[in-house]
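Chains as they are written, first to last, in the numbering used here: chain G, 28 to 345; chain W, 37 to 350.
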């Protein structure tokens, strides 16, 4: 495999923006998707797995992409519910895609991640866009995982920007704080792609119009899917944030950053996740004091070249 | 004219806030002062408050309040304020004594007997204020506003997310924040920008009695600030008084704010809902920035007034 190809495992809870991420990854010539693992979150894990398989079929990547089913509930606490107001009842904006012929592998997501990373030491980039549950279980199976992965990009959390599910917490970390904290404290080489940057990087109706006009013939079905599922997503962001024909590219930006770290400015911060049960549960506690003492160093994205990220995203379909 | 009650734990920056209020008798009528365990234990900071008032000939009635928080043990701010709670200048013993009444009863009486509404200015853990509002909720109707120093929606000092005054007594803070009384919060967001520079502190020490006192207080207070990388010192508590005098020099936003009383890392954090569509009505005006130069001018001019007043009488 040419060494400029980035080999990724994507951990998803597909999800409208997860679907966009998978489509981008499978269409990009710079990326080889070594596998996709699924987790509960936006929807339940079976639906996430089914959606993922259907999206792969829609993308028709020309190579095998194994899918491993992962956690159906949080690492330690009990399940609180799903985000169907955001992503629709079936998780992909209620768009009906044909059933996939492919099925999930027998391994669990955590087992799959551990095996793949061990078979390819220093090679695999992990991109996690759902709850951190599968990564937490993978770390439990192999504590040495942090030294064997190439890098980890995580969609989750926020430091300066407001939260989305609560005033201070973002959905992925809020949905499983103990898993998020275990991942943060593990020593994995993490870049946190949180709301500080994802809320500034948008996919818009204008972008879709461009894709409709200039998209490659072979991508017409993909573009039609984007148009239909995003209609639902745009509607949610109109209700929640007064956006018009626009939605943040949370998960796609995370993959883009994993491949091209130059898209963002990062800052090293000591970070831990509040694992309480009250208003700040799931919050990223970044110790920004002159003499920080709480948490472990990770890279946190604090600024993004949004226009370049948006164009990069569109480019693989045109 | 605004009628105020100052609840404090002097404390270097408390002292400056009190002097700032004393210099503006036409705008602020100080009905009384109360003390609460915080920067140091109750007896020490009460003594500091009385010494300060005596030093500047201001016989403001003062009552001692709660020795510690509603729950748990008192955490003091000795690291920043020293063994006495107001280390630095040596002040003579006070000519004044505390009243023989508890701070809560004292505030109750002041508010009941006041003509018109009263503004509370808490510069310390909110224990006394929470006790007052819980024991005598009827006083809420006669309190127009609480201008307090505490919290921070983007930064902490004791922990990554909690500021000292709120951290010491989060339960009391939550009672006060949810009381329904309009709150103006001078938290670390603004107070860390209300910096007096080292050269300005030097200048104070060349002036009159009140200025020199503040210069010496800030010499000590700056030691801790230097550890944190500041050239000078943040004037935390004076912000809560300055807003009453010149709100136009502050930038602020109204948010719904809750105090985190549990949280495994975030106890004592003031959690503001800054989302585009918050789920609850705003209850706090959060000060976010200040015109530093205008603020420092206000402080130095106030000290100048006191310098002249003291020179005339002594």
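Positions of the beta carbon are idealized from the N, C-alpha and C atoms, including for glycine.
Item: Environment of residue 164(W) [buried if 16+ CB atoms lie within 10 Å]; Value: buried
Item: The stretch 200-208 of chain W touching the stretch 240-251 of chain W, judged by at least three CB pairs closer than 8 Å; Value: no
Item: Cβ of residue 306(G) within 9 Å of any chain W Cβ; Value: yes
Item: Rounded Cβ spacing between residue 321(G) and residue 59(W) (contact assumed at less than 8 Å); Value: So it is not a contact: roughly 40 Å between Cβ atoms.
Item: Selection of the stretch 226-248 of chain W by Cβ proximity to chain G, strictly under 7 Å; Value: none
Item: Beta-carbon proximity check, residue 144(W) vs residue 98(W), cutoff 9 Å; Value: no
Item: Reduced DSSP category for residue 229(G) - H, G, I as helix; E, B as strand; rest coil; Value: strand
Item: Closest by C-alpha distance to residue 159(G), when choosing among 205(G), 188(G), 305(G); Value: 205(G)
Item: Rounded straight-line distance, which links the Cα of residue 129(G) to that of residue 342(G); Value: 28 Å
Item: Candidates 41(G), 37(G), 137(G), 53(G), of which the one nearest residue 71(G) by Cα; Value: 41(G)
Item: Listed by chain order, chain G residues near residue 195(W) by CB distance under 9 Å; Value: 312, 314, 316, 320, 321
Item: Rounded separation between residue 46(W) and residue 200(W) - CA only; Value: 14 Å
Item: Buried versus exposed call for residue 345(G) [16 or more other C-beta atoms within 10 Å across all chains shown]; Value: exposed
Item: Test: residue 310(W) CB closer than 9 Å to a CB of chain G; Value: yes
Item: Neighbour flag for residue 332(G) against chain W, beta carbons, 9 Å; Value: no
Item: Contact check, residue 304(W) vs residue 226(W), beta carbons under 9 Å; Value: no
Item: Per DSSP, the bridge partner or partners of residue 9(G); Value: Chain G is shown from 28 up to 345; residue 9(G) falls before or after that span and cannot be answered.
Item: Beta-carbon separation (whole angstroms), residue 281(G) vs residue 181(G), contact threshold 8 Å; Value: 7 Å
Item: Pairwise C-alpha distance: residue 310(W) and residue 43(G); Value: 25 Å
Item: Contact set between the stretch 35-54 of chain G and chain W, restricted to residues whose Cβ is under 8 Å from the partner; Value: none
Item: Runs of beta strand (DSSP E) lying entirely within the stretch 160-204 of chain W, each at least 3 residues, in chain order; Value: 179-185
Item: Cβ contact check for the stretch 170-187 of chain G and the stretch 216-226 of chain G: 3 or more pairs under 8 Å; Value: yes
Item: Nearest to residue 290(G) (by Cα), restricted to the options 220(G), 90(G), 123(G); Value: 220(G)
Item: 3 or more residues per run - each beta strand (DSSP E) lying fully within the stretch 53-138 of chain W; Value: 64-71, 98-100
Item: Test: residue 191(W) CB closer than 9 Å to a CB of chain G; Value: yes
Item: Terminal residues of the beta strand (DSSP E) in which residue 294(G) lies; Value: 291-300
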